[in-house]
Amino acid sequence: MATKLPKVPVVVVGMGWAGGIVASELTKAGIQVVGLERGKDRNTSDYAMGHDELRYQHREELMQDLSKETITHRNNEKMRALPMRDYGTFIVGDGVGGAGSHWNGQTYRFLPYDFEIKTLTDKKYGANKLKPEYTIQDWGMTYDEIEPYYDTFEKMAGISGETVELYGKRSNPYPTGPMLKTPIMNMFEKATKNLGYTPYIIPSGNLSESYENPDGISRAACQYCAYCENFGCEYGAKADPAVTVIPVAKKTGNLELRTHSNVIEILNDGSKASGVIYVDTITGEEFEQPADVVVVASYVFNNARLLLNSGLGKPYNSADGTGVIGKNYCYQVSSASSMMFFEDKEFNLYGGAGALGIEIPEFVGDNFDHSEVNFIHGAGIRVTQYGNRPIANNVVPKGTPSWGAEFKDQSIKYANSFFPVKSQGASMPYRYNYLDLDPTYKDAYGKPLLRMTFDYTEQDRELVKYMSKVTHKIAEEIGADIIDTNEEQGDFNVNKDTNTHNTGGVIMGADPETSALNSYLQMWDAENVFVVGASAFPHNSSFNPTGTLGALSYRAAEGIQKYIKEGGSLV
Amino acid sequence: MAEHENGKISQKGSTRRVFLKNSGLTVGGVVLGGALGSLLGGSSEPASHHAAPAAPALTVNPAEALMFFTPEQYQLTQAAAERIYPKDDNGPGAMELNAAIYIDHQLASPWGINSKEYMAGPFYKAEETQGSQIRILRKDLFLLGLKSLDAFSSKKFESNFIDLAPEDQDLVLTDFSEGKAPDISGVKSTLFFNLLRSMTIEGVYADPVYGGNKNMEGWAMRKFPGSRMTYTQEIQKEQFVKLDPQGLNSHMSH
Numbered sequence: 005m006a007t008k009l010p011k012v013p014v015v016v017v018g019m020g021w022a023g024g025i026v027a028s029e030l031t032k033a034g035i036q037v038v039g040l041e042r043g044k045d046r047n048t049s050d051y052a053m054g055h056d057e058l059r060y061q062h063r064e065e066l067m068q069d070l071s072k073e074t075i076t077h078r079n080n081e082k083m084r085a086l087p088m089r090d091y092g093t094f095i096v097g098d099g100v101g102g103a104g105s106h107w108n109g110q111t112y113r114f115l116p117y118d119f120e121i122k123t124l125t126d127k128k129y130g131a132n133k134l135k136p137e138y139t140i141q142d143w144g145m146t147y148d149e150i151e152p153y154y155d156t157f158e159k160m161a162g163i164s165g166e167t168v169e170l171y172g173k174r175s176n177p178y179p180t181g182p183m184l185k186t187p188i189m190n191m192f193e194k195a196t197k198n199l200g201y202t203p204y205i206i207p208s209g210n211l212s213e214s215y216e217n218p219d220g221i222s223r224a225a226c227q228y229c230a231y232c233e234n235f236g237c238e239y240g241a242k243a244d245p246a247v248t249v250i251p252v253a254k255k256t257g258n259l260e261l262r263t264h265s266n267v268i269e270i271l272n273d274g275s276k277a278s279g280v281i282y283v284d285t286i287t288g289e290e291f292e293q294p295a296d297v298v299v300v301a302s303y304v305f306n307n308a309r310l311l312l313n314s315g316l317g318k319p320y321n322s323a324d325g326t327g328v329i330g331k332n333y334c335y336q337v338s339s340a341s342s343m344m345f346f347e348d349k350e351f352n353l354y355g356g357a358g359a360l361g362i363e364i365p366e367f368v369g370d371n372f373d374h375s376e377v378n379f380i381h382g383a384g385i386r387v388t389q390y391g392n393r394p395i396a397n398n399v400v401p402k403g404t405p406s407w408g409a410e411f412k413d414q415s416i417k418y419a420n421s422f423f424p425v426k427s428q429g430a431s432m433p434y435r436y437n438y439l440d441l442d443p444t445y446k447d448a449y450g451k452p453l454l455r456m457t458f459d460y461t462e463q464d465r466e467l468v469k470y471m472s473k474v475t476h477k478i479a480e481e482i483g484a485d486i487i488d489t490n491e492e493q494g495d496f497n498v499n500k501d502t503n504t505h506n507t508g509g510v511i512m513g514a515d516p517e518t519s520a521l522n523s524y525l526q527m528w529d530a531e532n533v534f535v536v537g538a539s540a541f542p543h544n545s546s547f548n549p550t551g552t553l554g555a556l557s558y559r560a561a562e563g564i565q566k567y568i569k570e571g572g573s574l575v
Numbered sequence: 568m569a570e571h572e573n574g575k576i577s578q579k580g581s582t583r584r585v586f587l588k589n590s591g592l593t594v595g596g597v598v599l600g601g602a603l604g605s606l607l608g609g610s611s612e613p614a615s616h617h618a619a620p621a622a623p624a625l626t627v628n629p630a631e632a633l634m635f636f637t638p639e640q641y642q643l644t645q646a647a648a649e650r651i652y653p654k655d656d657n658g659p660g661a662m663e664l665n666a667a668i669y670i671d672h673q674l675a676s677p678w679g680i681n682s683k684e685y686m687a688g689p690f691y692k693a694e695e696t697q698g699s700q701i702r703i704l705r706k707d708l709f710l711l712g713l714k715s716l717d718a719f720s721s722k723k724f725e726s727n728f729i730d731l732a733p734e735d736q737d738l739v740l741t742d743f744s745e746g747k748a749p750d751i752s753g754v755k756s757t758l759f760f761n762l763l764r765s766m767t768i769e770g771v772y773a774d775p776v777y778g779g780n781k782n783m784e785g786w787a788m789r790k791f792p793g794s795r796m797t798y799t800q801e802i803q804k805e806q807f808v809k810l811d812p813q814g815l816n817s818h819m820s821h
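As they're listed, the protein sequences go chains A and B. Counting from 5, one number per residue, gives the positions in the first sequence under this note's numbering. Counting from 568, one number per residue, gives the positions in the second sequence under this note's numbering.
Have a look at this one:
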């Protein structure tokens, strides 16, 4: 039996970017918040031994413990879903900071096109451009409406970058200048300019220079130490909730942060929530935390799962396309790439940063004509320099064995002499790609796991074919000695490392029939529940999701304050 | 057994020399005070002159001991790992780099018993795209795999794996990698091979704190500087800048 605690105004589930931003904004406004985080508390001293590739990248130190909770996966409804028993494709953060601690820091905005994708696609290409199984829809909010929230997020995080003409209009330049340009970035810049494109430095949350944000948080500049992705930043240079919004919330005295507190249910009567049930993961004790407002701000998967396990919102049904919880799960497609090997060049690839790179804007969104191709949207084509850690980077030309004498010789020969022109493509929602509850497998607390039904679509595969040619053309212009181009998108494989940008499942929109949330991320079906995160994206763009997640979190924080004052549906 | 021991000792001497040559750490720099000092302790280099209390001079690395394998299993692991990552003109192979010590320590750790993996049943046969769905723990798979290596070698060449010529060892391992060797407790031999391969690569390139990558020579071969705090000076240089490797131990004084 759960111990019932005194009621609080707001309870937030999850203390990553979404929960951290909401907690920071509400506590600054004088509202009492209880933050529940299933993992541990964290600050920069946790990373004193952070440059440990094995521990953080290959043993997933910062990630969710899969023995307690995972997802199950099947490629289609004919298959039996089976649990993802260890990490392969995507990773899921855990602890204070969440995915915002282990992320790379690439911080884009989505395009004006993204927010009105259905309207704009129909207008330009007609209603039959995509088959009806592709459930694209407008976001219920335009780029102009979300722009101020992007601006707030970028100022809080100190995003480094340069304005790109082909993207949405900015009210302000980036708060800090672009990251340094390395020799491989120069090579990409020269080649793409020769081809008539307009390369720009990837916007970065790694901080190109020291910066004090509007909350008075000062952070030092990035040292290009090469331990971003999967790692925490011991300098606090990388924007991380644990060094930005959470300390701000703590300082107000209005945040009560409870770690090792895993929420397993949202108590509700079908139209309003009364609080949450959580388990102390150390002692196993159960608690009920009553609250006036429940903010669900955990990772994409758990946001959807918590609603489904709590009977909140109408579950999506792929048979007739009705219902919303679990709908429009999207991923990204990153298979199009051209690996380049150089015989007589060595680069300082041991150095790098998570958001160090250069990209062209010509192949994203509707920046090129799609009349003659069988897909919409596009991909960012880019070169990045994260730092080539040696366990993960043993890249050899096609045809080389994966072990033995030749492998060793070739992998050492090219250790500092390879880099790819790669792509990150948008993912369009599809009727038969969705999230629901698994009928068989349970988590450590006896609750059903989330079941993912997902495979790459025809649209995804066409996009990859097209983008692989673009990467090849650029690689040829750069002039490598060997170019290995990957032209095909295979089936989705839960064990193959590709991309960790999961979105959807609890999507926003203008219509309660086709979306779960309004543009304040307030549930249509339960006015005092706000579901914050990339789970709100109706589709996934080609850009990294955190910028948009951050902007929506600020929007939600504003909505929650409005709701506390006025009550009722905000839209 | 004795021959192996002797072989190891002489290799130790040579790796030390290569390391000193490669790294240039022959003067009393800051790095020499820490664990590197212990690694180099047997030499007459000025490694220990900062150590105030008279600690006993170590002649061996105390982490070079077994917490999981029997000596026979250890030697077989050494031999197999050496074929994955052999000694060549680039430098030492998995054996000299202590990859098998690394593997021993890892299999004795929570990772060896799959402690952070979802291990609840039921276990169904998986499609290609669904990842491995097996109940067997890594530590058990590895030991059964070693047994199977010897059994398969005996059947194919009438000899234990360790006594085969390197070319024949490669043939055996190729069969394991392609799943042509018999299943191991119902598991494809490929799975054991993949475990051996990935652990060998980790053992030659993970930080020396884990017992492998001896003297950071795995890193030195590929000119990887390990875990330094900053590359702001090097990141924009057109020319390759070679830096001596530093391990996690170098951060202990921070």
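Cβ atoms here follow ideal geometry from the backbone N, Cα and C, with glycine treated the same way.
What are the residues that DSSP puts in a beta bridge with residue i?
i               : result
P549 of chain A : DSSP lists no partner for P549 of chain A.
K426 of chain A : A:S341 and A:R386
M67 of chain A  : A:G97
M634 of chain B : Partner(s): none; M634 of chain B has no beta bridge.
R223 of chain A : A:Y215
R262 of chain A : A:L40
S431 of chain A : A:N544
G658 of chain B : B:D655
Nearest CA to the CA of residue i: which residue from the options?
i               : options                           : result
D413 of chain A : A:V425, A:F423 and A:V400         : A:V400
S427 of chain A : A:I385, A:S573 and A:A520         : A:I385
K11 of chain A  : A:L211, A:G257, A:I140 and A:I281 : A:I281
L704 of chain B : B:N816, B:G779, B:Y772 and B:L758 : B:L758
G356 of chain A : A:D284, A:S472, A:L261 and A:Y228 : A:Y228
N47 of chain A  : A:C237, A:R223 and A:A230         : A:C237
E260 of chain A : A:G537, A:E41 and A:S523          : A:E41
G746 of chain B : B:L674, B:L716 and B:Y772         : B:L716
E158 of chain A : A:T202, A:A430 and A:G109         : A:G109
I270 of chain A : A:M145, A:N532 and A:E562         : A:N532
Q697 of chain B : A:N497, A:P516 and A:S546         : A:N497
Find out if the Cβ-Cβ distance for the pair residue i, residue j is shorter than 8 Å.
i               : j               : result
A560 of chain A : F291 of chain A : no
F423 of chain A : M344 of chain A : yes
L710 of chain B : Q640 of chain B : yes
K72 of chain A  : D447 of chain A : yes
L454 of chain A : L439 of chain A : yes
G327 of chain A : N321 of chain A : yes
A224 of chain A : G209 of chain A : no
T111 of chain A : I163 of chain A : yes
D142 of chain A : K128 of chain A : no
V468 of chain A : L115 of chain A : no
P207 of chain A : Y231 of chain A : no
M471 of chain A : I362 of chain A : no
N307 of chain A : V38 of chain A  : no
Apply the 10 Å Cβ neighbour rule to residue i and answer buried if 16 or more other Cβ atoms are within range, or exposed otherwise.
i               : result
K781 of chain B : buried
S577 of chain B : Caution applies to S577 of chain B, whose pLDDT of 38 falls short of 50 and renders its modelled position unreliable; the value that the coordinates give is listed next. Exposed: under 16 other Cβ atoms inside 10 Å.
F372 of chain A : exposed
A555 of chain A : buried
K242 of chain A : buried
L592 of chain B : Below a pLDDT of 50, predicted positions are generally treated as unreliable, and L592 of chain B, at 37, falls in that range; the measurement from the model is reported next regardless. Classification for L592 of chain B: buried.
S817 of chain B : buried
D750 of chain B : exposed
Q147 of chain A : Per the sequence shown, the amino acid found at residue 147 of chain A is Tyr instead of Gln. That one is buried.
A732 of chain B : exposed
V474 of chain A : buried
Grab the span of the beta strand (DSSP E) containing residue i for me, first residue to last.
i               : result
E292 of chain A : E290 to V300
N578 of chain A : Coverage of chain A is limited to positions 5 through 575, which leaves residue 578 of chain A absent and any answer about it impossible.
T457 of chain A : P452 to T457
S278 of chain A : A277 to D284
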